[in-house]
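*Asks:* Sequence order for the protein chains is A and P.
Under the working numbering, the first sequence is numbered contiguously, ending at residue 119.
Under the working numbering, the second sequence is numbered contiguously, ending at residue 312.
By construction, the Cβ of each residue, glycine as well, lies at the ideal position given by its N, Cα and C atoms.
Please find one structure pasted underneath; my questions will follow.
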Amino acid sequence: AQSVTQLDSHVSVSEGTPVLLRCNYSSSYSPSLFWYVQHPNKGLQLLLKYTSAATLVKGINGFEAEFKKSETSFHLTKPSAHMSDAAEYFCVVSPFSGNTPLVFGKGTRLSVIA
Amino acid sequence: DSGVTQTPKHLITATGQRVTLRCSPRSGDLSVYWYQQSLDQGLQFLIQYYNGEERAKGNILERFSAQQFPDLHSELNLSSLELGDSALYFCASSEGQGLVNEQFFGPGTRLTVL
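In structure tokens:
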């Protein structure tokens, strides 16, 4: 069975400082992994995805994530936070094979302080 | 703007009632997904349709049903509503039927059951 754990429910950073949102996954197969962002009162938007190509994945708005199989992690990072990054972030796992639906983490709320 | 539209934006109803939520996918997308987002359960996959046929089923209650019409729009029907059904309901669409495809999310319908 697939599962995903977002290790922090809330992260607060100052504008201009690095962002780290942590995610660990469990999957019986080689997984596909995603990060989605949800701004207040909006739907989810895909930030980036990993599908067994390069382990370092670059996404939109300066975000990137590194797939580490040995640590079963897929942490999301950004070198310098911007006020507009304040949102809810979801780590998502899907098995590479089969038709099992996406499994979403509980989300991490990112606050950016001026 | 993801190109996925959902109506209505807000819905307030009473326990025991029945409601219908509507979703129009992005032009060209054949798959439609329904999700429920609540504070206690997080984001949960309900059901997927591909080109009019049910493809995958998640944690969808028997009181809930969905369908996808020939023009590819989809409806989610919720009946015998309970207080616990209050949530944000998202529709997403993707080009193919595979679950590793990027899903584009609509803005959601906020359902309040009083």
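#1: Among D283/P, L259/P, S236/P, L309/P, which has the Cα closest to the Cα of K111/A?
#2: Measuring straight from C-alpha to C-alpha, what distance separates K63/A and E69/A?
#3: At least one CB of chain A closer than 7 Å to the CB of L241/P: is that the case?
#4: How is the beta strand (DSSP E) around P305/P delimited, first residue to last?
#5: At a CB distance below 9 Å, what residues from the segment 51-66 of chain A approach chain P? Give them in sequence order.
#6: Whose C-alpha, out of L259/P, F262/P, R261/P, V230/P, is nearest the C-alpha of E252/P?
#7: Smallest Cα separation from R318/P: which of S291/P, Q295/P, E300/P?
#8: Confirm, please, whether the CB-CB distance from S37/A to T56/A is below 7 Å.
#9: At a CB-CB cut-off below 9 Å, which residues of chain A make contact with P305/P?
#10: If you reduce the DSSP assignment to three classes, tell me which class S89/A lands in.
*Replies:* Judging by the given coordinates:
#1: Counted from its first residue, the first sequence places residue 111/A at position 106. Closest option to K111/A, Cα to Cα, is S236/P.
#2: Reading the first sequence from its first residue, position 58 is the one you call residue 63/A. Reading the first sequence from its first residue, position 64 is the one you call residue 69/A. Those two C-alpha atoms are separated by around 4 Å.
#3: Here residue 241/P refers to the residue found at position 43 when the second sequence is read from its first residue. It does: the Cβ of L241/P has a partner Cβ on chain A nearer than 7 Å.
#4: The residue labelled residue 305/P in the question sits at position 107 within the second sequence. First-last for P305/P: undefined, no H or E at that position.
#5: L51, K54, T56
#6: Position 54 of the second sequence holds residue 252/P. It is V230/P whose Cα lies nearest to the Cα of E252/P.
#7: Past the boundaries of the shown model lies residue 318/P; chain P is included only from 199 to 312, so the question cannot be answered.
#8: Here the question's residue 56/A lines up with position 51 in the first sequence. Here the question's residue 37/A lines up with position 32 in the first sequence. In this structure, S37/A lies closer than 7 Å to T56/A by Cβ.
#9: Here the question's residue 305/P lines up with position 107 in the second sequence. Within chain A, the residues near P305/P are N46, K47, G48.
#10: Translated into the one-based positions of the first sequence, residue 89/A becomes position 84. Correct three-state label for S89/A: helix.
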